[in-house]
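Structure, as structure tokens:
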Amino acid sequence: MLHTLSISEMRAQLDEKKTSAVEVAQHFLTRIEAQRDLNAFISVDSEATLAQAKIADATIAAGQSQLLTGIPLAHKDVFVTRDFVTTAGSKILAQYKSPFDATAIDRLSSAGAVCMGKTNMDEFAMGSSNENSFYGKVKNPWDVTRVPGGSSGGSAVAVAAGLSLGATGTDTGGSIRQPASFTGITGIKPTYGRVSRYGMIAYASSLDQGGPFARSAADCALLLTAMAGFDEKDSTSIERADEDYARLLNQPFSSNATESQPLKGLKIGVPREFYGAGLDEEVKAATQAAIAQYETLGATVVEVSLPKTELSIPTYYVIAPAEASSNLSRFDGVRYGHRARKYSDLEDMYRKTRTEGFGWEVQRRILVGTYVLSHGYYDAYYLQAQRLRRMIAEDYQNALSQCDVIMGPVAPTPAWRIGEKSADPVQMYLADIYTLSLNLAGLPGMSIPCGFSACGLPIGLQIIGNYFDEARLLQIAHIYQNTTNWHTKQATNHKE
6 MLHTLSISEM RAQLDEKKTS AVEVAQHFLT RIEAQRDLNA FISVDSEATL AQAKIADATI
66 AAGQSQLLTG IPLAHKDVFV TRDFVTTAGS KILAQYKSPF DATAIDRLSS AGAVCMGKTN
126 MDEFAMGSSN ENSFYGKVKN PWDVTRVPGG SSGGSAVAVA AGLSLGATGT DTGGSIRQPA
186 SFTGITGIKP TYGRVSRYGM IAYASSLDQG GPFARSAADC ALLLTAMAGF DEKDSTSIER
246 ADEDYARLLN QPFSSNATES QPLKGLKIGV PREFYGAGLD EEVKAATQAA IAQYETLGAT
306 VVEVSLPKTE LSIPTYYVIA PAEASSNLSR FDGVRYGHRA RKYSDLEDMY RKTRTEGFGW
366 EVQRRILVGT YVLSHGYYDA YYLQAQRLRR MIAEDYQNAL SQCDVIMGPV APTPAWRIGE
426 KSADPVQMYL ADIYTLSLNL AGLPGMSIPC GFSACGLPIG LQIIGNYFDE ARLLQIAHIY
486 QNTTNWHTKQ ATNHKE
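Quick note on our numbering: the sequence shown kicks off at 6 and runs consecutively.
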């Protein structure tokens, strides 16, 4: 079955002419149509997809195939694209079509990838459950009564349900890692600035970072290699040489490593704050078992402290809404997107357009952000949050001075039921307690599958590294996945 292949396996199938890019694209388009009830996609254009596949076949026939030529990928609807509508999950951008591709999308397209469509997401990436989209809720293929996580839930479901071999996502406070955990796949958030934000519709500019989803760390490494790189069009892009993020995958961690202990020399830090009150016992057991498996592979474990973990929630929910208030001011009905039909003057048009176009969660965050930036509150809230942000980053540097990587849970619980937390936004925000601080610090992190709950819901292990340690994180994850099979499990509670 084509949808069960890895990207490397699909590359071999295509290059050996055992299948064609058009056949592959048609296979995945058929699966997307058959599983529309998951609501993973906002827009699918079979003509555009098949046109890209035909170009891929011609490239392969000419012997010029690249890393991703003919590989089917899905893109989060926060990245602008020329060939597909871009909505950011919002009514205010319904039917918007960009005149250019986001840099991350352009890089993947240049590597030969075929776009299967744009995936559903929490509106403007604001949410932890993918229940905030104007285009409806996304359902978890492991249990369709459960959320897939957010805001990149559509992309995660596309991979988990076999609707694409990989997908793009964005992570502002955990929106790659948490959906990856909830759907049993692998996802990596790179160091801030690794992947260009040009053409990524902004939520919180100092926190947003693009990254890939796939079934395995090896596939994520291939996608990140194509996706990342310096972009002069993005002022926050880091000017570093391009990397092959797969280069360490099959190497031992150190010169002292052995065949049975390939991770000998690796020191894992486990934050005591990640295992306190509020952590589900099944999540605790699964992540501790994964860390124990790392010990059998040669790693040693030390306890570290991230004392400001709890403060990451109020810090994030001051800084992110403040930046959102500024970023979303451009959506006013004047230049593009939705415009109210009836209004009396310009101010009335602004008010009605934004009231009609934005959902409740987006409106809530805009109001919070505007409040903390207002006269009399800026110093008390926004500046104080920025001071705490620096202290959180310093906590990570202190911890990483004692270890190579930090490991722990991605979320306090497995995926919750649809609607379970919708009435209480604070409870929803608390679900991000283990992921938010990483974005505030700008560090790289990833989620890999490490077990299941008693009712069959996936659980993810979070691996956090120091700045620019993506290749090392992927190596550590890959070695674990070579000795376990959690990442190979298929969603079995959904119809095929």
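Beta carbons are placed, not taken as given, at the ideal position from N, Cα and C, and that holds for glycine. Quick caveat, the model's predicted, so the values are computed rather than measured.
Own chain partners of R36 with C-beta closer than 7 Å, once the 5 adjacent residues on each side are dropped: By 1-based counting over the sequence shown, the position of residue 36 is 31. If we look at R36 and ignore the five residues flanking it on each side, its Cβ neighbours are H8, G167, L168.
Segment limits, alpha helix (DSSP H) that includes E300: Indexing the sequence shown from 1 puts residue 300 at position 295. Run containing E300: 286–301, per the alpha helix (DSSP H) assignment.
Exposure label - A381; buried when at least 16 CB within 10 Å: Position 376 of the sequence shown, counted from the start, is the residue given in the question as residue 381. As written in the sequence, residue 381 is Gly, which differs from the Ala given in the question. Exposed.
Unbroken stretches of the beta strand (DSSP E), 3 residues or longer, contained in the region 20–90: 46–48, 77–81
CA-to-CA distance, P146 to A496, given in whole angstroms: Mapped onto the sequence shown, residue 496 falls at position 491. Mapped onto the sequence shown, residue 146 falls at position 141. Rounded to whole angstroms, A496 to P146 spans 6 Å at the Cα level.
Helix, strand or coil at Q467 [DSSP, three-state]: As a working mapping, residue 467 is identified with position 462 in the sequence shown. If DSSP states are grouped into helix, strand and coil, Q467 belongs with the strands.
Distance, A26 Cα to E52 Cα: Residue mapping note: residue 52 aligns to position 47 of the sequence shown, counting from 1. Residue mapping note: residue 26 aligns to position 21 of the sequence shown, counting from 1. Straight-line Cα distance between these residues: approximately 14 Å.
Terminal residues of the alpha helix (DSSP H) in which F187 lies: Translated into the one-based positions of the sequence shown, residue 187 becomes position 182. Segment 182–188, the alpha helix (DSSP H) holding F187.
Per-residue DSSP class, three states only, for C455: Along the sequence shown, read from residue 1 onward, the residue named residue 455 stands at position 450. Looking at C455 - three-state DSSP - the assignment turns out to be strand.
R112 (DSSP reduced to helix, strand or coil): Taking the sequence shown and counting its residues from 1, one reaches residue 112 at position 107. R112: helix per DSSP, three-state reduction.
Start and end residues, beta strand (DSSP E) containing A172: Locating residue 172 in the sequence shown gives position 167, counting from the first residue. Here the beta strand (DSSP E) through A172 covers 171–175.
Cβ pair count under 8 Å reaching 3, the region 74–81 against the region 114–133: yes
Other residues of its chain near Y250: CB distance less than 7 Å, five sequence neighbours each side excluded: Taking the first residue of the sequence shown as 1, we reach residue 250 at position 245. Around Y250: A226, L229, T230, E475, A476, L479.
Buried versus exposed, by CB contacts within 10 Å (16 or more), V431: As a working note, residue 431 is residue 426 in the sequence shown. Result: exposed.
I206 beta carbon less than 8 Å from that of V85: As a position in the sequence shown, residue 85 is number 80, starting the count at 1. As a position in the sequence shown, residue 206 is number 201, starting the count at 1. In this structure, I206 lies closer than 8 Å to V85 by Cβ.
Given 8 Å, three or more beta-carbon pairs between the region 154–164 and the region 382–395: no
Environment of L372 [buried if 16+ CB atoms lie within 10 Å]: On the sequence shown, residue 372 is found 367 positions in, with the first residue counted as 1. With fewer than 16 Cβ atoms within 10 Å of its Cβ, L372 is classed as exposed.
Simplified DSSP state of E136, which is helix, strand or coil: Taking the sequence shown and counting its residues from 1, the one referred to as residue 136 is at position 131. It is coil, neither helix nor strand.
Bridge partner(s) assigned by DSSP for V309: Here residue 309 is taken as the residue at index 304 of the sequence shown, counted from 1. P276, per the DSSP bridge assignment.
Beta-carbon proximity list for A58, same chain, < 6 Å, skipping 5 on both sides: Counted from its first residue, the sequence shown places residue 58 at position 53. Around A58: A26, V27, A30, V119.
DSSP three-state assignment for C460, whether helix, strand or coil: Locating residue 460 in the sequence shown gives position 455, counting from the first residue. Coil, per DSSP.
Contacting residues, own chain, Cβ-Cβ under 8 Å from N444 (five flanking each side not counted): Position 439 of the sequence shown, counting from 1, holds the residue named residue 444. If we look at N444 and ignore the five residues flanking it on each side, its Cβ neighbours are D176, T177, G178, G179, K194, Y197, L212, Q214, Y321.
Proximity below 8 Å, CB of L333 to CB of A304: By 1-based counting over the sequence shown, the position of residue 333 is 328. By 1-based counting over the sequence shown, the position of residue 304 is 299. Not in contact: L333 and A304 (Cβ atoms no closer than 8 Å).
Beta-carbon contacts of R112 that lie in its chain and below 7 Å, excluding the five residues immediately before and after: The sequence position of residue 112 within the sequence shown is 107, counting from 1. Answer for R112: A231, M232, G234, listed in chain order.
Beta strand (DSSP E) segment containing V143, residue limits: Residue 143 sits at position 138 when you count from the first residue of the sequence shown. V143 -> no beta strand (DSSP E), and no H or E assigned at all.
Proximity of I411 and I318 at Cβ, strictly below 8 Å: Indexing the sequence shown from 1 puts residue 411 at position 406. Indexing the sequence shown from 1 puts residue 318 at position 313. Cβ distance not < 8 Å, so I411 and I318 don't count as in contact.
As assigned by DSSP and simplified to three states, the class of R370: Within the sequence shown, residue 370 is the residue found at index 365, counting from 1. Of the three classes helix, strand and coil, the one that applies to R370 here is helix, per DSSP.
Among G171, G141, S11, S452, the one whose alpha carbon lies nearest that of I481: Residue numbering aside, residue 481 sits at position 476 when the sequence shown is read from its first letter. Cα-wise, what sits closest to I481 is S452.
Identity of the residues DSSP links to G178 by a beta bridge: Residue mapping note: residue 178 aligns to position 173 of the sequence shown, counting from 1. The partner list for G178 (beta bridge, DSSP) is empty, contrary to what the question assumes.
Which of helix, strand or coil DSSP assigns to A219: Taking the first residue of the sequence shown as position 1, residue 219 is located at position 214. It is a strand residue.
Which of helix, strand or coil DSSP assigns to K194: Walking along the sequence shown from the start, residue 194 turns up at place 189. Here K194 sits in strand by DSSP.
Length of the line joining the Cα atoms of T241 and R199: The residue given as residue 241 occupies position 236 in the sequence shown. The residue given as residue 199 occupies position 194 in the sequence shown. Near 9 Å, if we compare the C-alpha coordinates of R199 and T241.
Contact check, G364 vs S330, beta carbons under 8 Å: As a first step, residue 364 must be located in the sequence shown, where it is residue number 359. As a first step, residue 330 must be located in the sequence shown, where it is residue number 325. Going by C-beta atoms, G364 is not nearer than 8 Å to S330.
Residues bridged to M396 (per DSSP): Position 391 of the sequence shown, counting from 1, holds the residue named residue 396. DSSP, once it has assigned bridges, lists no residue as partnering M396.
Inter-residue spacing [alpha-carbon to alpha-carbon] between K289 and L78: In the sequence shown, counting from the first residue as 1, residue 289 sits at position 284. In the sequence shown, counting from the first residue as 1, residue 78 sits at position 73. Roughly 33 Å between the two C-alpha positions.
Per-residue DSSP class, three states only, for G204: Within the sequence shown, the letter at position 199 stands for residue 204. Correct three-state label for G204: coil.
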